[in-house]
Amino acid sequence: MQDEMRTAEERARDAARSLRGRLIAAGMRPTRQRVALGELLFRGGHRHVTAEKLYEEARAAALPVSLATVYNTLHQLTDIGLLREIAVDGARVYFDTNVSEHHHFLIEDGDALVDIPGAEIDVVNLPAPPPGMRIARVDVVVRLVKDQRRRG
442 MQDEMRTAEE RARDAARSLR GRLIAAGMRP TRQRVALGEL LFRGGHRHVT AEKLYEEARA
502 AALPVSLATV YNTLHQLTDI GLLREIAVDG ARVYFDTNVS EHHHFLIEDG DALVDIPGAE
562 IDVVNLPAPP PGMRIARVDV VVRLVKDQRR RG
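Below is the structure:
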């Protein structure tokens with residue numbers, strides 16, 4: 442148990458050092474709040490969070506941050522390529538720590554995203570972009586609900 446805890450602490454320190462370096466390389470100051478929020482984000486491996494969820498985690502960890510700071514930090518980390526922003530509708534935006542090419546299931550009843558490996562969906566026959574534009578990325582979000590049908 443103690444070895445597991447130390448390993449988690451070491452991973453958090455490594456993530457913080459890496460985050461500091463990435464922030465500096467991107468021309469951003471590694472403020473205490475940015476680094477602390479980054480540690481919360483990246484300590485548990487790949488995951489999907491909303492700003493509100495990260496704000497709740499920050500409050501539970503006694504980090505003195507505002508919701509606006511959380512939003513700003515998430516957008517800044519997205520801008521430098523550490524997060525992917527996934528808008529599932531006009532009101533819900535998730536931030537994904539897995540920045541590789543992949544798609545998502547949205548479990549609507551549970552309000553959660555689940556990764557779909559990029560190779561499992563073949564996106565073909567896209568329309569040509571307007572002149573002067575290029576397709577930067579395609580995000581597929583497959584919406585799921587519980588199957589209420591009875592098997593018989």
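Here the sequence shown is numbered in my numbering, starting from 442 and rising by one per residue.
We put the beta carbon where it would ideally sit given N, CA and C, even for glycine.
Limits of the alpha helix (DSSP H) - the one that residue i falls within
i	result
E493	492 to 501
L478	473 to 483
C-beta contact flag for residue i and residue j at 8 Å
i	j	result
I562	H544	yes
I527	D537	yes
L504	A477	yes
V540	L524	yes
P471	R461	yes
Terminal residues of the beta strand (DSSP E) in which residue i lies
i	result
E526	525 to 528
H516	Per DSSP, H516 belongs to no beta strand (DSSP E); it is in the alpha helix (DSSP H), 508 to 520.
V564	Taken as a continuous stretch (DSSP letters only), V564 belongs to no beta strand (DSSP E), as it is neither H nor E.
V534	534 to 537
A553	553 to 558
V581	From DSSP, V581 is part of no beta strand (DSSP E); its letter is neither H nor E.
Cβ separation of residue i and residue j, assumed to be a contact under 8 Å, to the nearest whole Å
i	j	result
L547	V529	5 Å
R475	L464	6 Å
Closest by C-alpha distance to residue i, when choosing among the options
i	options	result
D588	D556, D550, I557, V581	D550
E480	A466, G468, V511	V511
R533	E497, L504, A466, L554	L554
Y535	A467, A477, D580, R484	D580
D556	R575, H487, A577, L523	H487
Backbone CA spacing between residue i and residue j [nearest angstrom]
i	j	result
A492	P572	35 Å
H516	S459	18 Å
G468	E498	27 Å
V582	D552	13 Å
A560	A569	22 Å
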